[in-house]
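Below is one structure, written out as structure tokens, with a few remarks after it.
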Amino acid sequence: MAGLLSRSEPFFSFGHPAMVTVAGAMTTTGTADMLTALMLKTVGSGEPVIVLALILVVTMTLSDFINNAATAAVMCPIALGTAAQLGVNPDSFLMAVAIGASCAFLTPIGHQNNTLILGPGGFRFGDYWRLGLPLEILIVVVSVPLLQVVWPL
Numbered sequence: 034m035a036g037l038l039s040r041s042e043p044f045f046s047f048g049h050p051a052m053v054t055v056a057g058a059m060t061t062t063g064t065a066d067m068l069t070a071l072m073l074k075t076v077g078s079g080e081p082v083i084v085l086a087l088i089l090v091v092t093m094t095l096s097d098f099i100n101n102a103a104t105a106a107v108m109c110p111i112a113l114g115t116a117a118q119l120g121v122n123p124d125s126f127l128m129a130v131a132i133g134a135s136c137a138f139l140t141p142i143g144h145q146n147n148t149l150i151l152g153p154g155g156f157r158f159g160d161y162w163r164l165g166l167p168l169e170i171l172i173v174v175v176s177v178p179l180l181q182v183v184w185p186l
């Protein structure tokens with residue numbers, strides 16, 4: 034890294050070595066490449082915008098069940114591999130991961146704030162879908178075009 038940082042400084046300053054390990058393991062073992070190839074084979078590699086929307090939706094879905102930092106660690110290598118295979122700028126794909134990982138609206142387990150209001154608010158598990166699903170659809174509809182404007186493919 035141009036001699037500015039030691040090899041361990043970025044790793045330990047990140048604050049979550051386990052997340053870095055997950056992302057590194059996905060890249061090293063080829064899991065990210067396998068999932069990228071499966072996604073492109075299923076969706077088709079012809080239209081990057083459709084794949085961008087899929088990355089966003091899959092990230093949103095994962096974020097509803099696991100922590101947002103873990104979701105980002107899992108999805109970033111897949112987003113990078115997808116962008117590389119499509120031959121497009123990876124910035125929009127990485128931003129789709131960042132946006133999607135921040136959208137845990139469908140379950141009370143995706144984010145600690147959702148869990149905190151579950152009991153005191155008198156909510157049930159299924160109540161999160163009523164407002165969360167339209168909100169996530171709105172985010173996809175607004176984010177995909179804006180990602181292409183701000184970070185062109």
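Under the numbering used here, think of the first position of the sequence shown as 34, with each following residue one higher.
Each residue gets a CB set at the ideal place from its N, CA and C atoms; glycine is no exception.
CA nearest to the CA of residue i, picked from the options
i    : options                : result
I132 : L85, T75, R157, M72    : L85
T75  : T115, A103, L95, C109  : T115
Y161 : L171, L119, L186, D97  : D97
C136 : L151, Q181, S125, A102 : A102
L87  : I99, V182, V177        : V177
P110 : L180, Q145, L127       : L127
I170 : L180, F138, L186       : F138
A91  : Q118, A129, D124, G120 : Note on residue identity: the sequence assigns Val, not Ala, to residue 91. Nearest of Q118, A129, D124, G120 to V91, Cα basis: A129.
H144 : M93, E80, I83          : M93
Residue i, DSSP secondary structure in three states
i    : result
A102 : helix
P185 : coil
E80  : coil
Whole-number beta carbon distance between residue j and residue i, since they are thought to touch under 8 Å
i    : j    : result
A7   : A112 : The displayed coordinates of the chain run from 34 to 186. Any statement about residue 7 would go beyond what the structure contains.
L180 : S125 : 5 Å
N147 : P153 : Actually they do not touch by this definition, with Cβ atoms about 12 Å apart.
Distance cut-off 7 Å: residue i Cβ against heavy atoms of the ligand COA
i    : result
L166 : Within the structure as shown, the ligand COA is missing, as the structure has no ligands at all.
Q: Tell me the start and end of each unbroken beta strand (DSSP E) in the stretch 91-172 that is at least 3 residues and wholly inside, in chain order.
A: none
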